Structure formats: structure tokens, C-alpha cells
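According to numbering that gives the first Met the number 0, the residues represented by the sequence shown are 0 to 253, in order.
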Amino acid sequence: MVISSLTNPKIVEVTKLYDKKYRRLTNRYVIEGARLVTDAIKHGAKLVSLYVRESNAQDYDFAFLDSDIQTVVSDKVFAKMCDTVNSQGVLAVVERSESELTKPTGNCLVLDGLQDPGNVGTLIRCAVACGFTDIYAVNTVDLYSPKVIRSAMSAHFCVKLHELDSIEQAFSLLENVQTVSAHMEGENVFSAQFSKRVALILGNEGNGLSDFSLKHSTKTVALPMENGFESLNVAVAGSVIMYQIYSQNSNMRR
């Protein structure tokens, strides 16, 4: 059976998930594209439902999934369900993996008021690549918005994500963890020494770190720059710092 009605309850349910409040109410979110859907399955994410565009029905084989969660929809209906312009013809509704708000089990990333979805998605992706175990997002853009999901490229399935309203609450979980803030007046990140367990704190794109983060950080670090530059995009700077932490941690384990 192919769904062709835009008012079908299943279709309405999916479109409502593009609203942040409804995502939080239901603890569900939408992923689009073959790569994201395949990776979600690979990493054991709980798929609530899966939809394939009628014109792409022969392109995907999800026979190993429960048939009850799979639905083919007309091209017109699928277009209504999508957030992207050039869709690959497959999307899924995923249940959020609720991580208990606990202390990090390894290195972690603290996002202190970041608002750009592309930056946040890139940082989540890099954190996973560097083996960070937890991400604490404080007053930050919704981690499950479509743009963040796309930028993170499946990293959501590989790290514990925590959304908080208070930076004080985040720091209360960082006992016995070296708290390192990225700040333009900090020491050179390439000569800085990091502990075995580090919490990297990154501030808002325009206003930087909160006063609380600066005051309570163990140290601040910065990237050396030439030609009069003072700062870089937070996703770029944060990624470089995470790799420097990762490099030192890797040497400690040898």
C-alpha cells in the first residue's frame, strides 16, 4: 500500500517533528538520506518508522527490518515530509537515546550557548572522531534539529548527548576533570599540557564564553595565528583543539 494523502496521520506526525517542541515532547526526531538511515541501523538506534519515496521503492532493501514500521509514500507526499531539497528518497523517525545526566566517562565537550546548527553538528562529529564520550549542550541550539543532524553525519548515534539549561549544572559534573576553555587570550594549545580526562568548553559564536565558564576553568587555550587574525570559526577552532587533546591522550596510552 502506498500512502498518497497529505493528511494521513503518519505523514502529519512526521511533519510535526520538524518543530523543536514536538521533538522534545515525543523524544523523537527525523533523519533523512540513505547514509543516516543505514548508520542509525548499524549503531542500534531505535527506528520508530521508515518511509521510502515511491519512485525510489526499488532502490532500498530493508527486508531485515520489521515490515510494520516500513511505509512507501507517493512522491508528492514524500516531498511534504522532507526538510531537504534534493532528497535521496528515504527517511526515518528515530527515538532519542536518553543518556542519564552523569559525569563523563572520558573526554567531553561542553557547548556554552552555541546557536549555529552547522557549527554544533560539526563539533559533535569531530568529538566522536576524537573519542570524546559525552557532550553537554548548555542553552545551545537543539541538538536534534535537521541541520544539526545533517552536519553531524551520524555522530549522534556514537556519543552521549546531554542538553542542560545551566552551565553551573554542567560544571558540577566535571569533578576531577581538567576543564579547558577556548579563549583568545589563553596559552598556545600546541604547548599546553592536558590531563588524561579533559572537558573542553566552547563559547557562543558572537559573545564567547560565559563569565562562569571563564572563572571556573582550569585553564584557557588559544590557537596561534598570523597576519593579525584574532579568532577562527568556533567549529574550526574547537576541532583543532580536540585533535590536540586526542593526540596527547593517545601518546599517554602508549
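All C-beta atoms in this analysis are idealised placements derived from N, C-alpha and C, irrespective of residue type, glycine included. None of the values given here were measured: they were computed from a predicted structure.
Contact between Ile123 and Ala151 holds, with the beta-carbon distance rounding to 4 Å and staying under 8 Å. Separation of the CB atoms of Val72 and Arg52 is rounded to 7 Å, and the pair is thereby assigned contact status at 8 Å. Ranking Lys20, Leu64 and Val127 by CA distance to the CA of Thr37 puts Leu64 first. For Glu31, DSSP records a beta bridge to Leu90. The three-state secondary structure of Thr139, taken from DSSP, is coil. Here Cys107 carries a strand assignment [DSSP, helix/strand/coil]. Residue pairing by DSSP places Asn187 opposite Ala221 in a beta bridge. In the DSSP annotation of this structure, the continuous segment of the beta strand (DSSP E) that includes Thr70 starts and ends at Gln69 to Val72.
Beyond the five residues adjoining it in sequence on each side, Asp115 comes within less than 6 Å, by CB distance, of Glu204 in the same chain, given in chain order. 8 Å or more divides the Cβ of Gly117 from the Cβ of Val137.
Annotation for Ser144: Pro116 place their beta carbon closer than 6 Å to its own, counting only its chain and skipping 5 residues before and after.
Distance from the Cα of Leu16 is smallest, within the candidate group Leu173, Val92, Asn248 and Phe61, for Val92.
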